[in-house]
Amino acid sequence: MLPSTSKSSNSTLSFGTFGPTPNQPTTQKTVPAFLDKLYNMVEDNSTNSLIRWSTDGTSFIVEQHEKFAKTVLPRFYKHNTFASFVRQLNMYDFHKVPHLQQGVLISDSENEIWEFSHPHFQKERLDLLALVIRKRSRERNTEEEDGVNVATLVKDIDAIKKTQTTISSDIHTLHSDNEILWKETLLSREKQHQHQDAIEKILHFLTTVFSNDKAINDTCKQKYYEKESMSVPVFGVVLSLFLQ
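Position one of the sequence shown corresponds to residue 552 (the numbering used here), numbered consecutively onward.
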């Protein structure tokens with residue numbers, strides 16, 4: 552008898568659905584609905600521009616995560632929040648593959664690449680899906696903060712990028728204002744030099760004028776005294792003649 556091809560009522564996928572494989576365990580296990588939908592979502596070639604398998608098939612890649620959350624997630628899940636999707640991946644012990652691009656703040660978030668991997672989540676290895684298990688309660692409690700941090704980190708990065716854009720704009724404005732101030736400073740210095748030159752010329756002119764006046768005064772005084780010295784004897788002679 553062939554294995555059943557129908558899904559269970561709780562939306563989980565049975566290994567009977569995939570058929571026997573060389574590495575299939577003897578004990579049948581069900582695949583959680585989240586993993587079943589995740590696998591089908593990655594396999595969907597129509598959305599390869601947003602989510603797809605990596606080249607070696609050992610991980611999957613998400614690009615333009617905001618667009619992905621709005622257009623692809625609602626087709627498979629009852630939400631359109633990328634942070635919630637990341638939190639669910641973390642609950643199943645998926646790990647984010649770091650990229651060099653992630654260490655650099657870029658203003659265009661659409662260019663970010665999110666890559667996630669799990670040793671038992673691989674392309675064309677449906678038999679491994681049953682080995683992807685949800686973390687135990689104790690493990691989830693110890694890593695709950697990390698899961699929340701990953702979710703909030705996405706929002707924080709977007710906020711930081713917006714702030715960075717604002718700061719860049721402010722820096723550009725300050726740079727323009729600084730250039731204007733430098734031009735005004737140079738113009739003020741040039742005017743100051745011009746005023747100083749004008750003052751020096753006026754002082755030089757006044758010094759020359761007063762020096763010439765002093766020389767003229769000295770000459771006039773000398774001529775006056777010379778006339779006075781000559782008029783005294785002449786006046787005496789005239790007076791003596793008159794008295795005789």
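All C-beta atoms, glycine included, are put in the ideal place defined by N, C-alpha and C.
What number of angstroms, rounded off, separates the C-alpha of residue i from the C-alpha of residue j?
i: D644; j: K706; result: 21 Å
i: V613; j: R687; result: 27 Å
i: A584; j: I664; result: 25 Å
i: R638; j: A710; result: 19 Å
i: L586; j: D728; result: 56 Å
i: T606; j: Q715; result: 34 Å
i: I684; j: S597; result: 28 Å
i: S562; j: T581; result: Summary for S562: the model assigns pLDDT 40, below 50, so the residue's position carries little reliability, and this model does not support an answer.
i: V593; j: H630; result: 17 Å
i: H726; j: S720; result: 10 Å
i: F627; j: K713; result: 30 Å
i: T622; j: K734; result: 53 Å
i: K674; j: L589; result: 12 Å
i: T724; j: L732; result: 12 Å
i: R676; j: T609; result: 10 Å
i: E617; j: F633; result: 7 Å
i: P649; j: I708; result: 15 Å
i: Q745; j: H755; result: 15 Å
i: M642; j: S635; result: 11 Å
i: T736; j: K742; result: 10 Å
i: E751; j: Q773; result: 33 Å
i: H757; j: N763; result: In the sequence as displayed, the identity of residue 757 is Leu instead of His. Computed Cα separation, rounded: 10 Å.
i: F619; j: L601; result: 6 Å
i: L682; j: N599; result: 25 Å
i: T703; j: L640; result: 15 Å
i: R740; j: T759; result: 29 Å
i: K647; j: L624; result: 18 Å
i: T717; j: L680; result: 45 Å
i: F667; j: I722; result: 37 Å
i: W604; j: F611; result: 4 Å
i: D748; j: L738; result: 15 Å
List the DSSP bridge partners of residue i.
i: H669; result: Beta-bridge pairing links H669 to no other residue.
i: V613; result: I602, W665
i: V648; result: E666
Which two residues bound the contiguous beta strand (DSSP E) that contains residue i?
i: V637; result: It is not in any beta strand (DSSP E) - V637 instead sits in the alpha helix (DSSP H) that spans 633 to 642.
Grab the span of the alpha helix (DSSP H) containing residue i for me, first residue to last.
i: R676; result: Here R676 belongs to no alpha helix (DSSP H), and DSSP marks it neither H nor E.
i: R626; result: 624 to 627
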